[in-house]
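For the record, in the sequence shown the residue sitting at position 53 is 54 according to our numbering, with numbers rising by one throughout.
C-beta: ideal position from N, C-alpha, C; glycine also.
Just so we're clear, the structure is a prediction, and the values are computed from it rather than from any experiment.
Input: a single structure, listed below in structure tokens.
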Amino acid sequence: MTRQFTKKPTNTDLYLLYESNQCRKYKLGLISSIIIRIRLICSSDEFANIELKQLKSTLHDNGYPDHLIRRGIREGEVIAKKMINKQQNKNIDNIASTIIKKENIPNHTILWT
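This is the structure:
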């Protein structure tokens with residue numbers, strides 16, 4: 002099963018304009034949050050790279066400079082990797098606990114004196 006990023010037909014690809022009267026932190030947050038969504042939703046690197054290319058083009062059209070785009074992408078990638086690793090560790094723990102439950106290993110308490 003593959004998943005990719007889909008957009009509504011009414012999507013205008015208009016995000017917060019770079020020239021808007023908002024602080025830089027919001028603009029970086031916009032980029033990183035979209036990167037996180039792309040990395041968590043797309044099931045393959047191929048789909049993610051297509052969306053990343055589209056995002057870069059859209060941000061250029063909205064007036065964002067290259068250095069800010071690169072920084073936002075880098076920050077989003079770091080956060081997305083942490084989230085993915087955390088989810089994978091949780092899945093491993095769930096699998097391990099399921100295996101232990103299926104083996105019917107009794108709980109024993111050993112007291113050392």
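Counted within 10 angstroms of its Cβ, other Cβ atoms place residue i as buried (16 or more) or exposed
i: GLU20; result: exposed
i: TYR27; result: exposed
i: LEU56; result: buried
i: CYS43; result: buried
i: SER58; result: exposed
Short Cβ contact (9 Å threshold) for residue i with residue j
i: ILE37; j: GLY77; result: yes
i: HIS61; j: ILE70; result: yes
i: LYS91; j: ARG40; result: no
i: ASN63; j: LEU15; result: yes
Spatial distance of residue i from residue j (CA atoms)
i: THR7; j: ILE85; result: 20 Å
i: CYS24; j: LEU31; result: 11 Å
i: VAL79; j: ASN12; result: 27 Å
i: LEU18; j: HIS68; result: 16 Å
i: TYR65; j: GLN89; result: 34 Å
Local conformation of residue i per DSSP, three classes
i: GLY73; result: helix
i: LEU56; result: helix
i: GLY64; result: coil
i: ASN22; result: coil
i: ASP14; result: coil
i: LYS83; result: helix
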